[in-house]
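Note sheet for the following structure.
2 protein chains.
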Amino acid sequence: MKIQFNKPYKTGKELLYIEDAIERGKISGNGHYTQECHSFFEKRYGFRKCLLTTSCTDALEMAAILLDITPGDEVIMPAYTFVSTANAFVLRGATIVFCDSRSDHPNMNEELIEGLITAKTKAIVAVHYAGMACKMDAIMEIADRHGLFVVEDAAQAVDSYFVDSEGQKHPLGGIGHLGAFSFHETKNIICGEGGMLVVNDERFEKRSEIIWEKGTNRTAFFRGEVDKYGWVDIGSSFLMSELNAAFLLAQLENLDEILQKRRHIWETYDDFFASEFTAFLRPNVPDWATNNGHMYYLVCESLEKRTLALDALKSVGVGAVFHYQNLSSSKMGGGFNQAQLDQAERYTNCLFRLPLFPELDAEKVFLKLKNGLLIEKTGSCKLENNDNSRTGKPID
Amino acid sequence: MKIQFNKPYKTGKELLYIEDAIERGKISGNGHYTQECHSFFEKRYGFRKCLLTTSCTDALEMAAILLDITPGDEVIMPAYTFVSTANAFVLRGATIVFCDSRSDHPNMNEELIEGLITAKTKAIVAVHYAGMACKMDAIMEIADRHGLFVVEDAAQAVDSYFVDSEGQKHPLGGIGHLGAFSFHETKNIICGEGGMLVVNDERFEKRSEIIWEKGTNRTAFFRGEVDKYGWVDIGSSFLMSELNAAFLLAQLENLDEILQKRRHIWETYDDFFASEFTAFLRPNVPDWATNNGHMYYLVCESLEKRTLALDALKSVGVGAVFHYQNLSSSKMGGGFNQAQLDQAERYTNCLFRLPLFPELDAEKVFLKLKNGLLIEKTGSCKLENNDNSRTGKPID
Chain A
807 MKIQFNKPYK TGKELLYIED AIERGKISGN GHYTQECHSF FEKRYGFRKC
857 LLTTSCTDAL EMAAILLDIT PGDEVIMPAY TFVSTANAFV LRGATIVFCD
907 SRSDHPNMNE ELIEGLITAK TKAIVAVHYA GMACKMDAIM EIADRHGLFV
957 VEDAAQAVDS YFVDSEGQKH PLGGIGHLGA FSFHETKNII CGEGGMLVVN
1007 DERFEKRSEI IWEKGTNRTA FFRGEVDKYG WVDIGSSFLM SELNAAFLLA
1057 QLENLDEILQ KRRHIWETYD DFFASEFTAF LRPNVPDWAT NNGHMYYLVC
1107 ESLEKRTLAL DALKSVGVGA VFHYQNLSSS KMGGGFNQAQ LDQAERYTNC
1157 LFRLPLFPEL DAEKVFLKLK NGLLIEKTGS CKLENNDNSR TGKPID
Chain B
807 MKIQFNKPYK TGKELLYIED AIERGKISGN GHYTQECHSF FEKRYGFRKC
857 LLTTSCTDAL EMAAILLDIT PGDEVIMPAY TFVSTANAFV LRGATIVFCD
907 SRSDHPNMNE ELIEGLITAK TKAIVAVHYA GMACKMDAIM EIADRHGLFV
957 VEDAAQAVDS YFVDSEGQKH PLGGIGHLGA FSFHETKNII CGEGGMLVVN
1007 DERFEKRSEI IWEKGTNRTA FFRGEVDKYG WVDIGSSFLM SELNAAFLLA
1057 QLENLDEILQ KRRHIWETYD DFFASEFTAF LRPNVPDWAT NNGHMYYLVC
1107 ESLEKRTLAL DALKSVGVGA VFHYQNLSSS KMGGGFNQAQ LDQAERYTNC
1157 LFRLPLFPEL DAEKVFLKLK NGLLIEKTGS CKLENNDNSR TGKPID
């Protein structure tokens, strides 16, 4: 029996809430369930303003519109990320300036950012890979000093935190001027396709509602602030359907339980790879980060070894996958004329992800992993155990 | 008891299909239900290629990207339309050239189009108001002669047709180079928030899949046409969640019944206003159009009279609404420096819509309408019956 890479988790209340949304006679956007989801995030994390969107991509597009990105503006972001991080800004005409990853973590290397800033730089996009915080104090300080905006691509980072030097925890998505979350079915908290924009800077609050509502002042109209509404700005149909918002609320009500289950599997994986199969570099949880159990990934020594590992796992029915093609060497990204980004290239070639979802049967998967990796070790792979005792020790 | 303006219709299978989508372990986009919906449209209407999107707005945005709209390009469209018709093209930098409506129908006056064409014109967007066809033979002929693209904004036009001079019926959305549909909860066939792009011109077929999949060649990859996929174009997260696609399929399976119910209510309204309350201009169904029962609207003689009518209907609990602010006189539209568009202004000020949904209790609504309009007639309204015997007779 195959162990799939991902299985969308159902708490049990999703269908009831969807049925209720239908009974309420409102399945388009911004109804009861949307409001409940907004409140959940605003209360739990102290986010200033939340707006559910049809995807994290769309939340990033809203951010690019809010920042008034125009052709020629430069936006700094990691090369090792999902295409939408870049496309959202390219759609507004931005020139993307790719930043390399850290050697001990796929997150962007904050020490390289300042060297990429020019007079044309408008924003930095910090992507919290695997839900683990970029070094946000350093990034915010650089942005502040150069008058830049910071957008957090917190697609994978629900309920994860940056821990500052005094031990204070700051929820990811709530630190930059704007933040974007994903509720795609592969994430911790899901609703099929969906996302959310977080507005942390007061200056963007009013306009964010207008852009969300197709460039109209409809929301202000329904609050009685204007006497008729019309076309006042650019914008799109960013609202999430109540069907998806209802699904999402059921998930949010079980957020602690879902994350606890995921973290348990993550830790079991990590123990296993620390003790039994030490040929891979395990994930590093930086001192300033928390772990929301979003993703368990391993880093091989080379593309060849990753291919062997993935083939071996496939042969025993474990749905392991690799992801993210270094955007700076893609057809589109190449147009931005970047330097070689060694770490981004390394994670592109060497990283792979293991199945991780709340219902995963850990015993079954470890048995299969053992079999798969034994094939690899005794067969053509020739991976040797290395001293990988310290979590996150960089290869180079 | 109030009669609401709209009530989302449920065929009864929506929740079962949503539950099945969840059981299939796929609630993001492009799964079983998405494919079934695509097939439905491709088979029933002969559309070349269909792609479900998160909204009709997003389908129009895909069209603007596919047409390579760049700053300076001019796009001709009606001023009397939803903001998204314009915003989708403005987001790509287009200059909008607004066309006035016909005097006998809110659709754009095709006789005015040619006078608006310049060397910069790239496309004409034909919006089929109330699901009734624009004069597509004339529009296609003009576009052909000037080498322009035609996008059909068929948001309201599911299962509606253009009838050519030989009596042949052509499904709306399938005539222009590209077409866009809406499945917003106010439409005939719904899924909360949702839409669909129709690609009728072979030249756009391959790229449409790439733009749909966030600018990646992921779809070609899964068909085995390329050996890895990456970032090859601009694009966005246009895919509709399977939750919404499942809802949509349940609706599509009942399309004939839903439309028959809506048409029946439409015709009952029309008989009522032809015989009992003739102070309003009733909808005109042009010779070249069919009626999909999407919308029953009336046109008053003036803004003042419409305000009185809406107030009167409100007082008896009938949820009648007006809509569409002439885009050319909006804050955003004004930036495009348009001539006065008298008919667009007239429909903006004088048109209103009556409740129309499959479960509407016609007897109840007519009793209320009578009471409401009697208040209006005997009270402050002073509307006089006019000779409105010919459907769609223009006021001027």
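Residue numbers (our numbering), protein chains in the order written: chain A, 807 to 1202; chain B, 807 to 1202.
Ideal placement from N, C-alpha and C gives every residue a C-beta, glycine not left out.
Compute the beta-carbon to beta-carbon distance between residue i and residue j, rounded to the nearest angstrom, for a pair I have assumed lies under 8 Å.
i	j	result
Leu1157(A)	Phe1128(A)	6 Å
Leu1173(B)	Ala1118(B)	So it is not a contact: roughly 14 Å between Cβ atoms.
Met1002(A)	Phe846(A)	Contact flag wrong, Cβ pair sits at about 10 Å.
Glu1019(B)	Gly1000(B)	With 8 Å as the limit, Glu1019(B) and Gly1000(B) do not qualify as a contact, their Cβ atoms being about 17 Å apart.
Leu821(A)	Leu1054(B)	With a Cβ gap of about 17 Å, Leu821(A) and Leu1054(B) do not count as contacting.
Ser966(A)	His990(A)	With 8 Å as the limit, Ser966(A) and His990(A) do not qualify as a contact, their Cβ atoms being about 16 Å apart.
Please compile the residues from chain B whose C-beta is within a distance smaller than 9 Å of the C-beta of residue i.
i	result
Pro814(A)	Ile828, Gly831, Lys832, Ile833, Ser834
Where does residue i fall in DSSP's three states?
i	result
Thr924(B)	coil
Ala1026(B)	helix
His952(A)	helix
Glu1190(B)	Summary for Glu1190(B): the model assigns pLDDT 38, below 50, so the residue's position carries little reliability; its value from the coordinates is reported in the next sentence. Of the three classes helix, strand and coil, the one that applies to Glu1190(B) here is coil, per DSSP.
Asp874(A)	coil
Ala986(B)	strand
Asp826(A)	helix
His1100(A)	coil
Asp959(A)	strand
Cys940(A)	coil
Lys1199(B)	Here Lys1199(B) scores only 35 on pLDDT, less than 50, and its place in the model should not be relied on; the value that follows carries that caveat. It is coil, neither helix nor strand.
Arg1068(B)	helix
Glu1031(B)	coil
Val1005(A)	strand
Ser1042(B)	coil
Met946(B)	helix
Phe1158(B)	strand
Trp1094(A)	coil
Ile833(A)	coil
Leu1147(A)	coil
Ala929(A)	strand
Val964(B)	coil
Met914(A)	strand
Glu820(A)	helix
Glu999(A)	coil
Thr901(A)	strand
Glu1082(B)	coil
Glu1011(A)	helix
Mind checking residue i: buried by the 16 CB within 10 Å criterion, or exposed?
i	result
Arg908(A)	buried
Leu1045(B)	buried
Asn893(A)	buried
Lys1188(A)	Bear in mind that a pLDDT of 35 at Lys1188(A), under 50, signals an unreliable position, so the number given afterwards is only what the model happens to contain. Exposed: under 16 other Cβ atoms inside 10 Å.
Asp1208(B)	The displayed coordinates of chain B run from 807 to 1202. Any statement about residue 1208(B) would go beyond what the structure contains.
Thr927(A)	buried
Phe853(B)	buried
Gly878(A)	exposed
Closer than 8 Å by beta-carbon distance: list the chain A residues that pair up with residue i, in chain order.
i	result
His990(B)	Ser834
With residue i as the anchor, note down where its beta strand (DSSP E) starts and where it stops.
i	result
Cys856(A)	855–859
Ile882(A)	880–884
Lys975(B)	975–977
Leu1116(B)	Here Leu1116(B) belongs to no beta strand (DSSP E); instead the alpha helix (DSSP H) covers 1109–1121.
Arg908(B)	Per DSSP, Arg908(B) belongs to no beta strand (DSSP E) and is neither H nor E.
Val969(B)	967–969
Could you list which residues in chain A have their beta carbon closer than 7 Å to that of residue i, in chain order?
i	result
Phe1262(B)	Outside the modelled stretch of chain B, which goes from 807 to 1202, sits residue 1262(B), for which no answer is possible.
Gly1021(B)	Val889, Asn893, Met1138
Gly1041(B)	Asn893
Glu917(B)	Near Glu917(B) there are no residues of chain A at all, since even the closest Cβ is about 26 Å away, more than 7 Å.
In chain A, which residues lie with their C-beta within 9 Å of the C-beta of residue i?
i	result
Trp1037(B)	Val889, Ala892, Asn893, Gln1131, Leu1133, Ser1136, Lys1137, Met1138, Gly1139
Asp864(B)	Thr860, Asp864, Ser1042, Ser1043
Between which two residues does the alpha helix (DSSP H) carrying residue i extend?
i	result
Leu1058(B)	1048–1058
Cys843(A)	838–851
Thr891(B)	889–896
Glu972(B)	It is not in any alpha helix (DSSP H) - Glu972(B) carries neither H nor E in the DSSP assignment.
Lys808(A)	Neither: Lys808(A) is in no alpha helix (DSSP H) and is coded neither H nor E.
Closer than 7 Å by beta-carbon distance: list the chain B residues that pair up with residue i, in chain order.
i	result
Glu1169(A)	Simply none; closest approach about 21 Å.
Going along chain B in order, which residues have a C-beta closer than 8 Å to the C-beta of residue i?
i	result
Met1046(A)	Glu999
Val933(A)	Ordered by position in chain B, no residue passes the 8 Å Cβ test against Val933(A), which lies about 15 Å from the chain.
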